[in-house]
Structures are given as structure tokens and as C-alpha cells.
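Residues -1 to 301 in the numbering used here are what the sequence shown spells out, letter by letter.
Worksheet: one structure, shown below.
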Amino acid sequence: MANLEVEICGVKLKNPVIAASGTYGFGKEFNEIYDISQIGGISSKGLTLEPREGNPVPRIAEGKSVILNAVGLQNPGVEKFIESDLGFLKSKKICVIANVAGRTLEDYGKICKRLDGLVDFIELNISCPNVKAGGMAFGIKPESIMEVTKTAKASLSKTPLIVKLSPNVESIVTNAQAAQSGGADCISLINTLTGMVIDIEKRKPLIANNTGGVSGAGIKPVAVRMVYEAAHAVNIPVIGMGGITCAEDAIEFLMAGAKAVQVGTANFTNPNAMPQIIRGLNAWLDGHKIADINEIVGAASLN
């Protein structure tokens, strides 16, 4: 059996397979299907300071090889997470990543301060609109990425900071470097692309919010390209995600330069996706006589 253990910012994960935020809840439902202690970690459902009900329905739509969602960060709030879910996740001895969001810089600072020292990582969801800047998402411009990263980092003294990058940008390289300059300890990418599905009989978008975040197998080539570019532009660890459904997909991201991967939409179509990916990683490494998964990180090279 190959060694699957990876280390990111001093935190050891038993394997590099992490549940992506928003697709795994807080792990309890999946733990009824299999013991989630076998995965590397979980990025929580996006947390805000106060509970949120999310967007009106319908807020999920299917496309070919993708799904769209406009859930709107429905969540119980950070205090409820600490009270009801954090203890369960810690009992599973997996890496616990708190994915956090806010409407203002102050929101990000406060929620990071509240969670500091309680989780293994904090992951900033910066695809949220900044209500004090005309509604443009924090993660669009490098200047705002640097600003929100600095705010979050200043509120943390114990917990490493991951900044989750949006693909809906002019330059993923520039934005990755902005996160690093702002003090990020790690970056993760990609968050969802923006898309639309139209009901041709009703002649209107299927989602009440009109547009939604596109995820699923169909976005993988875009995600691999962006992970490759970002990983070669910064000197902090990278966590890759976007369309991973099998071990071979995960290996692509690792070879592109990611230290670990997050699996999202695949959990909807196959609840056992992550255990299967972990077993597949072992089988592939053994079949290629590779003793340690870290040997393939960044192994891909351009022609």
C-alpha cells in the first residue's frame, strides 16, 4: 500500500481527498453511508455569522455533465456549527476546514476570529458580493482579494488560512498571487463557474436566481488548467477541485501541482465517490510502483 499521507501548512491529512464545501453538509448524513473517518478532511458548508435561509427555489438545475446551484449559502450560522457539528467532526479524526463567507470585510474578520484555534483550517469563500462595494464579489479583482485576505489573516493567530479562488476572473495567476500577498497560507480552486439553464417551454431560466454556479464533471479541464497555472505562480500550497469523479481525475490535479483535492458534485451522483477515489489512488500508485503520493505532486510538465 502506498503512503497517501500529505501535509499542508503543518497539518497532516491521512490522504489528500477532502469533501468540498456545500456538497457534504457537515458530514453526518454521509456518515450513515460509510465511516467518514476514512477521508482526508471536510470543508464545511459555507458558514456566516448569522443563520441564512438562502435563495428562493428552484435553486438547483441540471445541465449535461454539470449541475447549477444558487442555494445562497443557506446555513445555520457559525455558533450553531460550533455547538452542534464541530464536536462530531473532530471525533472522526479528519482535517476540519471551516468554509466562511461574509457580506463585508468586517464579517470576514469576525467569523475568522470566532473560529480561530477551533478548526484545522479556515477557507475563505470570496465569491460573495461585497455589499459596501456595489455588490461585486470579493474574489473578482486582485485588490479586493488582497484586502479580504489581509483582514482575515489579521484575525487569526492559530489557524492557517485558505483562500478559495473564483474562476470567473481575468487572470487566475494574478488573483492567486494577490491571495499570497495578502497573507494566505494556502489557496484552493476552482469555485464554481457562472452559468444559466433555460426552460425552453416556459421561456425563462430554470433557476429562480436566473444564474447559478456550475459544477460537475464538465468543468474539469478548466479547473485543471487553472490549478496548473496557479500552482506555478505561487509558493504556497494549492488544493485543487472541479469535476473530480474518480481517482484518475484526482491524479490529474495532483500532477498539475495540487497537494490535495476536494470532491464536490460527485458526492451527489455517487455517495461513495470519495472512498472509491481513495481506493483508486492506492491501486494506481501500487500499479505504477510509486510508494508515496507526494512523488506525483507537480509531476506534469508542458511540452
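We put the beta carbon where it would ideally sit given N, CA and C, even for glycine.
Is DSSP giving residue i helix, strand or coil here?
i: Glu104; result: helix
i: Ser186; result: strand
i: Gly210; result: strand
i: Pro165; result: coil
i: Glu81; result: helix
i: Glu3; result: coil
i: Gly285; result: helix
i: Pro49; result: coil
i: Lys200; result: coil
i: Gly8; result: coil
i: Gly181; result: coil
i: Asp247; result: helix
i: Asn173; result: helix
i: Val98; result: strand
i: Asn265; result: helix
i: Asn73; result: strand
Taking 6 angstroms as the limit between beta carbons, can you name the residues of its chain near residue i, skipping five residues before and five after?
i: Leu204; result: Ala59, Val195 and Asp197
i: Ile188; result: Pro165, Ala221, Met224 and Gly240
i: Asp83; result: Phe24
i: Ala302; result: This structure cannot settle anything about residue 302, because the visible part of the chain is limited to -1 through 301.
i: Gln178; result: Val232 and Ile234
i: Thr147; result: Val161, Ala177, Gly180, Gly181 and Ala182
i: Lys111; result: Ser153
i: Gly52; result: Val69, Gly70 and Gln72
i: Val4; result: Leu11, Pro14, Lys257 and Ala258
i: Thr172; result: Pro140
Given a cut-off of 8 angstroms on the beta-carbon distance, is the pair residue i and residue j in contact?
i: Val64; j: Val212; result: yes
i: Asn151; j: Leu159; result: Checking the sequence, you will find Lys at residue 151 rather than Asn. Yes, Cβ-Cβ distance for Lys151 and Leu159 is below 8 angstroms.
i: Lys62; j: Gly193; result: no
i: Ile37; j: Leu87; result: no
i: Val15; j: Ile275; result: yes
i: Ile237; j: Val259; result: yes
i: Pro324; j: Ala176; result: There is no way to answer for residue 324, as the model of the chain reaches only from -1 to 301.
i: Asp114; j: Cys93; result: no
i: Gly255; j: Ala68; result: no
i: Met144; j: Gly180; result: yes
i: Asn208; j: Arg57; result: no
i: Ala281; j: Val232; result: no
i: Ile170; j: Ala228; result: yes
i: Leu2; j: Lys10; result: no
i: Ile120; j: Thr157; result: yes
i: Gly285; j: Ala245; result: no
i: Ala271; j: Thr243; result: yes
i: Gly8; j: Glu48; result: no
i: Lys319; j: Asp247; result: The chain is shown from -1 up to 301; residue 319 falls before or after that span and cannot be answered.
Identify the residues that DSSP records as bridge partners of residue i: which are they?
i: Cys93; result: Gly39
i: Met239; result: Gln260
i: Ala59; result: Leu66
i: Val15; result: Val259
i: Thr192; result: Gly211
i: Asp33; result: Answer is none; Asp33 lacks a bridge partner.
Tell me which same chain residues have a C-beta within less than 7 angstroms of the C-beta of residue i, skipping the five on either side of it?
i: Ser42; result: Ser19, Phe24, Phe79, Ile95, Ala96 and Asn97
i: Ala149; result: Sequence inspection shows Thr at residue 149; the Ala mentioned does not correspond to that position. Counting only Cβ-Cβ distances below 7 angstroms, and skipping sequence neighbours, we find Leu103, Tyr106 and Gly107.
i: Lys91; result: Ser35
i: Tyr283; result: Looking at the sequence itself, residue 283 is Leu, so the reference to Tyr does not match. Within the same chain, Leu283 has close Cβ partners Ala0 and Ile291.
i: Ala297; result: Met253
i: Val55; result: Ala206
i: Gly302; result: Outside the shown range of the chain, which is -1 to 301, sits residue 302, and nothing can be said about it.
Once you ignore the five residues that flank residue i on each side, which residues in its own chain have a CB closer than 8 angstroms to its CB?
i: Phe28; result: Ala17, Tyr22, Ile34, Asn265 and Pro269
i: Pro273; result: Tyr32, Gln36 and Ile37
i: Ile138; result: Ser164, Asn166 and Val167
i: Arg50; result: Gly70, Leu71, Gln72, Asn73 and Gly75
i: Lys202; result: Ile196
At the 8 angstroms Cβ level, is residue i part of the contact set with chain B, yes or no?
i: Pro219; result: In summary, chain B is missing from the structure at hand, where a single protein chain is found.
Practice problem: Could you pull out every unbroken beta strand (DSSP E) segment of at least 3 residues lying fully inside the region 110 to 161, listed in chain order? | Solution: 119 to 123
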